[in-house]
Amino acid sequence: MHPLYQQMATSVFERMSLAAAKHGAVNLGQGFPDFGWPPEILDAAARAVIEGSNQYAPSRGLPALREAVAAHYSRHQGLDLGAENICVTSGATEALAAAILATVSPGDEVIIFTPAYDAYAPLIRRAGGTPVEVPLQPPGWRIERAALEAAVSLETRAIIFNNPHNPTGRLFDLDELATLAEVAVANDLIVISDEVWEHILLDGQRFTPVASLAGMPERTLKCGSAGKIFSLTGWKIGWLAASTELATLAARAHQFLTFASAPNLQAAVAYGMNDGDAWLQPMRDRFARARDRMTQGLEAAGFAVLPSASTYFLCVDLAASGISLDDEAFAAQAVAQAGVAVVPLSAFAERDPPKHMIRLCFAKRDETIDAGVEAMAKARNLMT
Ligand code: PMP
Ligand code: GLN
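This is the structure we're talking about:
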């Protein structure tokens, strides 16, 4: 048995969703919306199941989807991409795995900013590398040049960057992006840029992809996810966008991870990516309203809510809310005794993580938010 898997705990998302099911709790833990998927894309998928191919897709993805993804990024982000720059994967999770396996060799160090998405460190280790954590400090969660530079060594091979950022809901600013790019170029590093939340931007913010920065197109592997773009997280259709050379390397890793993803879902996502962008702003407005409703409800119940302007998530500071329990203890009691599942933030770092914060998913219908807030108020009464 591989020692890595013997040490590893079950993913916090799975853990909290199982606990929510067991206790019949409102699930504000794992990040998925309970509304918002476009019905025409579901129809396109149904048609593709009945009328389209149900046999292996080309390993790098249906040409129609690769072209649609490239065109989408040219249109929205000014990136100069063609089908040769895209490799379709089974979710961004597989895109991350392929990018890491293709670029990280045993002995390499890979920098991650914590709190970091839970898949990064185990995948780096499985590729034989060592994750090097650069902690972002609450409440600003800023990338500081000195901290990043201090983490770079002769062994550093790559930086995994996530913008907009899960779990904090922060969009990094242009100064921070410039710092990242300058450090990457100065040290000849690959950047695996996890941009799955690129369209979930609230409050009129604008997204800048890492690959658009000076010196970055040839060293960036961008990860995207249709799950986030179309509120279809269960479909697990994602992709990598990179230089032809890096995309080809990652595609070689991908062919031995899953080889290819469901052709009908790929066809439906291609349909969605080509179907105009009229859905985008209404989706953002709807998520912003959900965030505001949850924030107001939690604040009225006495919780200290940190600002969030992207992703499906907001964070609550337990200590500032008058709760002295740590995040894991709060999460365990909240799901079992108050009927609400949340995610403890300490699951997103290994080295001295802050233990006084939890993450909640606000991408929910009003009634789910109201039930979740009521259960959070109950949890606060039980634990203060
Ligand atoms: N990276 C980040 C930062 C995420 O938040 C998620 C999913 N929430 C993923 C990767 C995985 O995406 P997918 O579900 O497409 O595999
Ligand atoms: N990315 C989702 C989240 O942050 C969960 C994905 C998963 O369950 N692996 O909640």
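So the number in this note's numbering is just where the residue sits in the sequence shown, counting from 1, plus 697.
Don't be surprised by glycine CBs; every beta carbon is placed ideally from N, CA and C.
On a predicted model such as this, the values are computed, not experimentally measured, just so you know.
In the DSSP secondary-structure assignment, V785 is bridged to W936. Shown here, D1014 sits in a strand according to DSSP, grouped into three states. If you check the CB distance, D891 and L793 come in under 8 Å. Distances between the C-beta of S1007 and the heavy atoms of ligand 2 are all 7 Å or more. Taking a cut-off of 5 Å from the heavy atoms of ligand 1, the residues with a C-beta inside it are G728, G788, A789, T790, Y814, N859, N863, D891, V893, S922, G924 and G935. In this structure, F710 has its CB closer than 7 Å to one or more heavy atoms of ligand 2.
Under DSSP, the beta-bridge partners assigned to D891 are N859 and C920. In this structure, DSSP gives L725 a state outside helix and strand, which the three-state scheme calls coil.
Counting the other CB atoms within 10 Å of its CB gives A939 a total of 16 or more, which places it among the buried residues. For V807, the uninterrupted beta strand (DSSP E) run begins and ends at E806 to T811, by DSSP. Taking all protein chains shown into account, R1077 has 16 or more neighbouring C-beta atoms within 10 Å of its C-beta and is therefore buried. With contacts defined by Cβ atoms closer than 8 Å, T790 and L937 do not form a contacting pair. Per DSSP, E1025 has no beta bridge partner at all.
Contact between L868 and P861 holds, with the beta-carbon distance rounding to 5 Å and staying under 8 Å. Taking the Cα positions, D1014 is about 9 Å away from P836.
Beta-bridge annotation (DSSP): E830 is paired with I809. Here N961 is near A742, since their CB atoms are less than 8 Å apart. Leaving aside the five residues that flank F732 on each side, the residues in its chain whose CB is nearer than 6 Å to its CB run, in chain order, R1062. Note on Y814: 16 or more other CB atoms within 10 angstroms of its CB, so buried under the neighbour-count rule.
In the three-state DSSP reduction, V1032 falls in the helix class (H, G or I). With a threshold of 16 other beta carbon atoms within 10 Å, D1049 falls short and is exposed.
The three-state secondary structure of I1020, taken from DSSP, is coil. DSSP places A1006 outside both helix and strand once states are collapsed to three, so it counts as coil.
Residue pairing by DSSP puts P1041 in a beta bridge opposite I1055. T876 is a Cβ neighbour of I840, given a cutoff of 8 Å.
The alpha-carbon separation between Q834 and W894 amounts to approximately 21 Å. Taking C-beta separations shorter than 7 Å and ignoring five residues to either side along the sequence, the partners of N724 in its chain run S714, A717 and A1038, following chain order. Beta-bridge annotation (DSSP): L898 is paired with S1007.
In the displayed model, R867 falls within a strand according to three-state DSSP. Distances from the CA of L759 to each of W932, E830, A964 and R712 were compared; the closest alpha carbon is that of A964.
For Y814, there is no enclosing alpha helix (DSSP H), as DSSP marks it with neither H nor E.
Counting along the chain, the unbroken alpha helix (DSSP H) around Y702 starts and ends at P700 to Q704.
In the structure shown, A1001 adopts extended strand secondary structure according to DSSP, grouped into three states. A buried status is given to S1007, since no fewer than 16 other beta-carbon atoms sit within 10 Å of its beta-carbon.
Closest by C-alpha distance to L929, out of A795, E737, A985 and G1036, is E737.
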